[in-house]
Amino acid sequence: MTTTLTRTTPTTTTTTTTTTTTPTTTTRPSTTTSTTTPSTTTSTTTPTTTTTTTTPTTTTSTTTTTTTTTTTTTTTTTTTTTTTTTTTTTTTSCVGPAMSTGVFVSNTVTNADVPLGPIGSNGNVVGSCFCTNGRYYYFRMQTSDTWPIILGSRMQAFNLNCAAACICTAQTCYTSSAPTNQYILSVFCSGGSCAMYAMIEAGNNGDGLIPVNGGPTVTFGQQLDSTGFTFLPITPTGPYLMVTAVGCGGCPVTPAGC
Numbered sequence: 001m002t003t004t005l006t007r008t009t010p011t012t013t014t015t016t017t018t019t020t021t022t023p024t025t026t027t028r029p030s031t032t033t034s035t036t037t038p039s040t041t042t043s044t045t046t047p048t049t050t051t052t053t054t055t056p057t058t059t060t061s062t063t064t065t066t067t068t069t070t071t072t073t074t075t076t077t078t079t080t081t082t083t084t085t086t087t088t089t090t091t092t093s094c095v096g097p098a099m100s101t102g103v104f105v106s107n108t109v110t111n112a113d114v115p116l117g118p119i120g121s122n123g124n125v126v127g128s129c130f131c132t133n134g135r136y137y138y139f140r141m142q143t144s145d146t147w148p149i150i151l152g153s154r155m156q157a158f159n160l161n162c163a164a165a166c167i168c169t170a171q172t173c174y175t176s177s178a179p180t181n182q183y184i185l186s187v188f189c190s191g192g193s194c195a196m197y198a199m200i201e202a203g204n205n206g207d208g209l210i211p212v213n214g215g216p217t218v219t220f221g222q223q224l225d226s227t228g229f230t231f232l233p234i235t236p237t238g239p240y241l242m243v244t245a246v247g248c249g250g251c252p253v254t255p256a257g258c
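Here the sequence shown is numbered in the UniProt record's numbering, starting from 1 and rising by one per residue.
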């Protein structure tokens with residue numbers, strides 16, 4: 001008889017089980033044993049000294065008093081309305097060519113009053129300007145101061161022959177002392193200055209031009225030299241009048257509306 005011995009080796013199997021435990025609150029009666037140990041507390045009180053320093057505060061209050069003085073000024077305005085009638089004489093706004101000389105001829109002067117032909121017929125007029133009561137004529141310059149040469153060459157501006165002639169300067173007007181007087185006007189230039197001069201032709205040495213504002217008569221005889229037969233040369237100082245305007249039929253002659 002055969003005996004077979006079988007050895008069994010125990011096999012140990014280790015199983016690791018991970019258990020997730022969700023806390024479960026189980027209320028059980030709890031017996032608490034409380035042991036009370038007497039506690040002795042020693043309290044040490046340290047006196048605290050508080051020092052309060054009071055600093056006096058001085059408040060200075062400055063009161064400013066403003067005095068407002070209101071001055072009321074009452075102004076009384078007196079308006080005076082004065083109506084002034086002013087008569088303005090306009091000499092001319094018409095200007096002739098350089099170195100020409102102008103003279104105003106009233107519309108009272110007709111062709112019959114200029115015996116040597118209409119003004120400008122000898123070709124010595126270089127410009128003109130119409131006014132409401134006449135016309136300004138501007139004459140070319142000439143430098144001869146001798147009347148015989150001026151007349152012989154017809155260099156005069158024009159002759160004026162009317163019964164009530166009026167000859168005006170910048171200062172005043174003159175009336176003819178006799179209806180038979182004749183006046184010859186000519187330009188004369190000297191030292192860069194030109195003017196219109198009037199020579200008197202009269203039957204008597206005492207005849208001539210009488211100033212309307214009074215004063216001595218400018219006579220025919222004053223124009224003659226010591227021989228009594230020759231006219232003195234033209235000069236700015238005389239004896240011939242410097243003419244600015246002429247007319248017939250009375251004085252004064254004043255340009256208007258030029």
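For every residue, glycine included, the Cβ atom is placed at its ideal position computed from N, Cα and C.
Taking the Cβ atoms as the reference, Met199 lies roughly 15 angstroms from Thr101, outside the contact range of under 8 angstroms. If you look at Leu151, you'll find it in the alpha helix (DSSP H) that goes 147-152. For Phe139, the enclosing beta strand (DSSP E) begins and ends at 134-139. Pairing Val246 with Leu160 gives a Cβ-Cβ distance under 8 angstroms. For Ala112, the secondary structure class from DSSP, reduced to helix, strand or coil, is helix.
Here the alpha carbon of Ser144 sits roughly 12 angstroms from the alpha carbon of Cys194.
Looking at Phe220, Gly250, Met99, the one whose alpha-carbon comes closest to that of Phe229 is Phe220. Annotation: Gln223 to Pro97 spans about 30 angstroms, alpha carbon to alpha carbon.
Tyr240 and Gly123 have their C-alpha atoms some 24 angstroms from each other.
Pro211 is bridged by DSSP to Tyr174.
When Thr254, Ala256, Val218, Pro255 are compared, the shortest CA-CA separation from Gly238 is found for Val218.
Around Met141, the same chain offers Met99, Ser100, Thr101, Val187, Cys189, Cys194 as residues with beta carbons nearer than 8 angstroms, after the five sequence neighbours per side are excluded.
Ser177 and Cys94 have their C-alpha atoms some 32 angstroms from each other.
Rounded to the nearest angstrom, the Cβ distance from Phe104 to Gly134 is 6 angstroms, consistent with a contact under 8 angstroms. Excluding five sequence positions before and after Pro211, the CB atoms of its chain that fall closer than 6 angstroms to its own CB belong to Thr172, Tyr174, given in chain order. The Cβ atoms of Cys248 and Ala164 lie closer than 8 angstroms to each other. Here Gln142 carries a coil assignment [DSSP, helix/strand/coil].
Following the DSSP letters along the chain, one finds Leu160 inside the beta strand (DSSP E) bounded by residues 158-160.
In the three-state reduction of the DSSP assignment, Gly238 falls in the coil class, being assigned neither a helical nor a strand state.
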